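Enquirer: First the structure, then my questions, so here it is.
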Amino acid sequence: MAFKRDKKEEEDGGGNPFENIEKTSVLQEARAFNDTSVNPRKCTHILTKVLYLLNQGEQLGTTEATEVFFAMTKLFQSKDVVLRRMVYLGIRELSSIAEDVIIVTSSLTKDMTGNEALYRAAAIRALCSITDVTMLQAIERYMKQAIVDKNPAVSSAALVSSLHLARSAGELVKRWVNEAQEAFSSDNVMVQYHALGLMYHIRKTDRLAVIKLVTKLTKQSLKSPFAVCLLIRIACRLLEDEDGAPGADSTLLSFIESCLRHKTELVIYEAAHAMVNLRRTTAKELAPAVSVLQLFCSTSKPPLRFAAVRTLNQVAMSHPSAVTACNLDLENLITDSNRSIATLAITTLLKTGAESSVDRLMKQIASFVSEISDEFKIVVVQAIRALCTKFPRKHSVLMNFLSAMLRDEGGLDYKASIADTIITIIESNPEAKETGLAHLCEFIEDCEHTSLAVRILHLLGREGPKTKQPSRYIRFIYNRVILENAAVRGAAVAAMAQFGAQCPDLHENVQVLLARCQMDSDDEVRDRATYYYTILALKNRSLYNSYITESLQVSIPALERSLHQYTLNATETPFDMKSVPLAAVEPLVSEIVAQKAVPEGTIMSTPAPQRLGVSKEESALELVSSIPEIAALLPQLGPIFRSSEPVELTESETEYVVRCIKHCFARHLLLQFDVLNTLSDQLLENVRVSLEPAEGYRILREVPIPRLPYSESCSAFCLLEFPQDDLSASTGTFGATLAYMVKDCDPATGLPDSDEGYDDTYMVEDVEVTLADQVQRVWKGNWAAAWEEAANLCELEDTYALTSMRTLQEATTNIVQFLGLQPADRSERVPDGKSNHTLYLAGIFRGGHDVLVRAKLALADGVTMQLTVRASTPDVAELVTSAVG
1 MAFKRDKKEE EDGGGNPFEN IEKTSVLQEA RAFNDTSVNP RKCTHILTKV LYLLNQGEQL
61 GTTEATEVFF AMTKLFQSKD VVLRRMVYLG IRELSSIAED VIIVTSSLTK DMTGNEALYR
121 AAAIRALCSI TDVTMLQAIE RYMKQAIVDK NPAVSSAALV SSLHLARSAG ELVKRWVNEA
181 QEAFSSDNVM VQYHALGLMY HIRKTDRLAV IKLVTKLTKQ SLKSPFAVCL LIRIACRLLE
241 DEDGAPGADS TLLSFIESCL RHKTELVIYE AAHAMVNLRR TTAKELAPAV SVLQLFCSTS
301 KPPLRFAAVR TLNQVAMSHP SAVTACNLDL ENLITDSNRS IATLAITTLL KTGAESSVDR
361 LMKQIASFVS EISDEFKIVV VQAIRALCTK FPRKHSVLMN FLSAMLRDEG GLDYKASIAD
421 TIITIIESNP EAKETGLAHL CEFIEDCEHT SLAVRILHLL GREGPKTKQP SRYIRFIYNR
481 VILENAAVRG AAVAAMAQFG AQCPDLHENV QVLLARCQMD SDDEVRDRAT YYYTILALKN
541 RSLYNSYITE SLQVSIPALE RSLHQYTLNA TETPFDMKSV PLAAVEPLVS EIVAQKAVPE
601 GTIMSTPAPQ RLGVSKEESA LELVSSIPEI AALLPQLGPI FRSSEPVELT ESETEYVVRC
661 IKHCFARHLL LQFDVLNTLS DQLLENVRVS LEPAEGYRIL REVPIPRLPY SESCSAFCLL
721 EFPQDDLSAS TGTFGATLAY MVKDCDPATG LPDSDEGYDD TYMVEDVEVT LADQVQRVWK
781 GNWAAAWEEA ANLCELEDTY ALTSMRTLQE ATTNIVQFLG LQPADRSERV PDGKSNHTLY
841 LAGIFRGGHD VLVRAKLALA DGVTMQLTVR ASTPDVAELV TSAVG
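Taking full-length UniProt numbering, I'd label the letters of the sequence shown as residues 1 to 885.
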């Protein structure tokens, strides 16, 4: 017996028989397909090797693929069922590589219409993978017959293939809707599921048709649980769309809720999962879904228990009170034999439980945390992160637990999530700073991940000098210079320089250590050490702030590009750093977590809060450079100083959707109007936004949209000059009207009925230019030193009564948003119970003017604010104070 394996081989699992095969030898073997007498067993084995290579990512050249394909077509003469089905798979895999694959169309058509049921379904899938739009009409009749075939395998294959064909031949597939509806009445659960998928795909661009389809089907009792699950998902998509038909929302929601009482567990869970993930669902509406999930927690089936507790874990993030009723069932799952279920149960309890239960739950997690995978350890860490915000007094218990987890084995993502959680605690709770930094110092002693060690060293450099005993961190940092690789040594040198600049008592000691680092084997480490040593030797606090404490504020890619352009042009004018666009300021790690700006556990690869990727300003510059009318003016406009977020000037469901992006230059303002035409029977030409500029502004150039067809979005531009005489007039409101020429057209083709059109206008919201549009945020690592250094700048001070504000936190948030400046020293957070607070802000006004703001807030009947502004020019200081008033 050739296939019999001895006992030892069976115990070893046999290994992978195709592990060491080579493409060249397999292609050589494929010549056996051309033999006069086909050996089915041998050819099946060779075809398996070819398919294995393709699925392992091996690249076949066009010539190689074509030779194998044509040799393979000769295997159609064999009647062996296994070989024939392998041929179908081979055709599908090679159809996108080989040439002239259309030659097998007649053979596949014969097989799909033949009597052999084993061939038909596979032949349909293979045929549809090689058929292009021009040949599809020739097999349309056969496809329609296959869709309504009594054989479920054939019908399902035809339906799924039609779904794939709809991407390239959507209009043709739309004609098969009657056959899809007939297939939907099949008793086979998979046919009904696939038929619904095709029907939805055909109608998904017509919202009203989808609503009618769903409304009709919700009144029927569908036999296929898979079809019911798909119907639930379609209903959820309609509910998430705010343009629902009157009464549709309540009907769809009632249908999803009724599925909670379905006889199939698959449907029940799908309905519960759908309800808890709807954006507009309230805690009261969640109750039925949570009750179902609670029942699943006590089922004997592990997959159901896992699904239920994982979904409850997600609900606890947004509606913890809704999950409180399940706490007893979740506690019973803590001892579950499946550690993944137990982990999710505990982390859910951490989000919903009381402060008194934290210690007990942490001990239970510690008993088995080493047995679970990194994926679920990260879930635990995320729960602890949320817990630190909820119960700040428990930071010592939680920090000790995280420290123990740091010492365990684990991958980069796992260790990074723990480090970021500790950093979050440090940033949100001043009392936890020293403890958190101590744990991180211990961790980098054995940290094997370079990026994470660099991240922590930069944190130590930023936070360590501000602690009560900064000297205690020097040893940990200098150890990295002795023991680690070049990247970590360079970060350690930069961190030590921070201590030398901000701690006078440590200045001499740091200089000694930096002098030793000048003999390092790596050139970058030596250069950094020499650079910092020289600056610190001058003992000039202004230089410390400019070159050590404060990081480079400009965009690195933009700086590189600007320097390259400067070297290409012979000029005696010195290079001006103010001509380089600023980098976008990143939020603190705790803010990132709160706003979900990055996935949990993502490492911040750069120490300073600046981004090395392409900024909004650089993307905008690429866009406007492609507009000839604007590109010609760029040399006199200079670099884009700031680009705003898009501002909607119309509602999303109106005939024309218009939004505005404001690009601010040193002396000019470029308004970009993105216009979307949502009317299929209209073609718009010469589309522009007519402005009524505020006093002092001057319109220099308008660039309309020449042609705007249906469902296309294009941009019109308007270039204005800021008021030159009165800086306070740079904030104002512009009246705006969308002006265009309309041509009626055929909705099917998009072609106009005639060459004649008529002029029309459409009112849009006013465009407001604020102070925040004209300033760029900058990070101040040592705001107090920067404020002291700015003592010789122009200073204005005024007092304001913020009567509409009821809390200090509300006032702080609104001031930051209104002024558009960067908060420093985490002053944007107001500690609980305080009746006074000081907010520190920093930024640069267009033209390169530094701005520092100190806002002292006091809470009485309302909020009173004493605002002090220091700026490089009196006009800018006056603009900031007047903007608040």
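C-beta: ideal position from N, C-alpha, C; glycine also.
It should be emphasised that the depicted structure is a prediction, and the values quoted were computed from it without experimental measurement.
Can you tell me whether Asp755 is buried or exposed? The criterion is at least 16 other CB atoms within 10 Å of its CB, across all chains shown.
Expert: exposed
Enquirer: Mark residue 935 as exposed unless 16 or more other C-beta atoms lie within 10 angstroms of its C-beta, in which case mark it buried.
Expert: Because the chain is modelled from 1 through 885, residue 935 falls outside the range shown and cannot be assessed.
Enquirer: Grab me the residues of Ala594's own chain with a C-beta within less than 7 Å of its C-beta, minus the 5 sequence neighbours each way, in chain order.
Expert: Low per-residue confidence applies at Ala594: pLDDT is 38, beneath 50, and the placement is therefore not dependable enough to give any value.
Enquirer: Does the beta-carbon of Gly61 have 16 or more other beta-carbons within 10 angstroms, so that it is buried, or is it exposed?
Expert: Label assigned to Gly61: exposed.
Enquirer: Please report the residue range of the beta strand (DSSP E) in which Val675 lies.
Expert: Per DSSP, the unbroken beta strand (DSSP E) holding Val675 starts and ends at His668 to Asn677.
Enquirer: The alpha helix (DSSP H) spanning Ser882 covers which residue range?
Expert: Pro874 to Val884
Enquirer: Is the stretch 389–400 touching the stretch 363–376 in the sense that three or more CB pairs, one from each, lie closer than 8 Å?
Expert: The count of Cβ pairs closer than 8 Å, one atom from the stretch 363–376 and one from the stretch 389–400, stays below three, leaving the stretches out of contact.
Enquirer: Starting from Arg125, trace the alpha helix (DSSP H) both ways and give me its first and last residue.
Expert: Ala117 to Ile130
Enquirer: In terms of residues, what are the limits of the beta strand (DSSP E) holding Val778?
Expert: First-last for Val778: undefined, no H or E at that position.
Enquirer: State whether the stretch 271–283 contacts the stretch 233–240, with contact taken as three or more CB pairs (one from each stretch) at a distance under 8 Å.
Expert: yes
Enquirer: For Ala322, which of Ser340, Thr352 and Pro693 has the nearest alpha-carbon?
Expert: It is Thr352 whose Cα lies nearest to the Cα of Ala322.
Enquirer: Using the DSSP secondary-structure output, state which residues sit across from Thr838 in a beta bridge.
Expert: Lys856
Enquirer: Based on Cα-Cα distance, which residue from Ala537, Ala491, Arg489 and Val488 lies nearest to Val512?
Expert: Ala537
Enquirer: What number of angstroms, rounded off, separates the C-alpha of Ser711 from the C-alpha of Glu655?
Expert: The straight-line gap from Cα to Cα measures roughly 11 Å.
Enquirer: In whole angstroms, what is the alpha-carbon distance linking Ala801 and Phe673?
Expert: 37 Å
Enquirer: Can you tell me whether Pro693 is helix, strand or coil according to DSSP?
Expert: coil
Enquirer: Just tell me which of Ala274, Leu637, Glu789 and Ala772 has its CA closest to the CA of Leu719.
Expert: Checked all of Ala274, Leu637, Glu789 and Ala772; the closest Cα to Leu719 is Leu637.
Enquirer: Straight-line CA distance for Thr48 to Met86?
Expert: When only Cα atoms are considered, Thr48 and Met86 end up about 8 Å apart.
Enquirer: Mapping the DSSP letters down to three states, classify Ser715 as helix, strand or coil.
Expert: strand
Enquirer: Taking the Cβ atom as the reference point for each residue, do Leu304 and Phe296 lie within a distance shorter than 8 Å?
Expert: yes
Enquirer: Three-state secondary structure (DSSP) at Ile234?
Expert: Reduced to three states, the DSSP call for Ile234 is helix.
Enquirer: Is the beta carbon of Ala30 less than 8 Å from the beta carbon of Ala65?
Expert: Cβ distance not < 8 Å, so Ala30 and Ala65 don't count as in contact.
Enquirer: Less than 8 Å between the C-beta atoms of Cys664 and Arg846, yes or no?
Expert: With respect to the 8 Å criterion, Cys664 and Arg846 are classified as neighbours on the basis of their beta carbons.
Enquirer: Helix, strand or coil: how does DSSP classify Pro320 here?
Expert: DSSP places Pro320 within a helical segment (H, G or I) once states are collapsed to three.
Enquirer: Buried or exposed for Arg141, going by 16 or more other Cβ atoms inside 10 Å?
Expert: Flag for Arg141 reads exposed.
Enquirer: Val369 and Met405 look like a contact to me (Cβ under 8 Å); what is the Cβ gap, rounded to whole Å?
Expert: 7 Å
Enquirer: Give the straight-line distance between the Cα atoms of Ile46 and Ile124, rounded to the nearest whole angstrom.
Expert: 23 Å
Enquirer: Roughly how many angstroms separate the alpha carbons of Tyr414 and His449, rounded to a whole number?
Expert: 11 Å
Enquirer: Note down the Cα distance separating Thr749 from Leu683, rounded to an integer number of angstroms.
Expert: 11 Å
Enquirer: If you reduce the DSSP assignment to three classes, tell me which class Met865 lands in.
Expert: strand
Enquirer: Under 7 Å Cβ to Cβ from Asp726, same chain only, skipping five residues before and after it: list those, please.
Expert: Closer than 7 Å at Cβ, skipping near neighbours: Gly696.
Enquirer: Tell me which residues share the same chain as Trp783 and place their Cβ nearer than 7 Å to its Cβ, disregarding the 5 neighbours each side in the sequence.
Expert: Ala824, Asp825, Tyr840 and Ala842
Enquirer: Between His194, Arg472, Val647 and Leu457, which has its C-alpha nearest Lys662's C-alpha?
Expert: Val647
Enquirer: By how many angstroms is the C-alpha of Ala811 removed from the C-alpha of Lys596?
Expert: Low confidence applies to Lys596: its pLDDT is 37, below 50, so where it sits in the model is not reliable enough to give any reading.
Enquirer: Starting from Tyr740, trace the alpha helix (DSSP H) both ways and give me its first and last residue.
Expert: No alpha helix (DSSP H) holds Tyr740; the beta strand (DSSP E) holding it covers Gly732 to Asp744.
Enquirer: What do you get for Tyr758, buried or exposed, if any count of 16 or more other CB atoms within 10 angstroms of its CB means buried?
Expert: exposed
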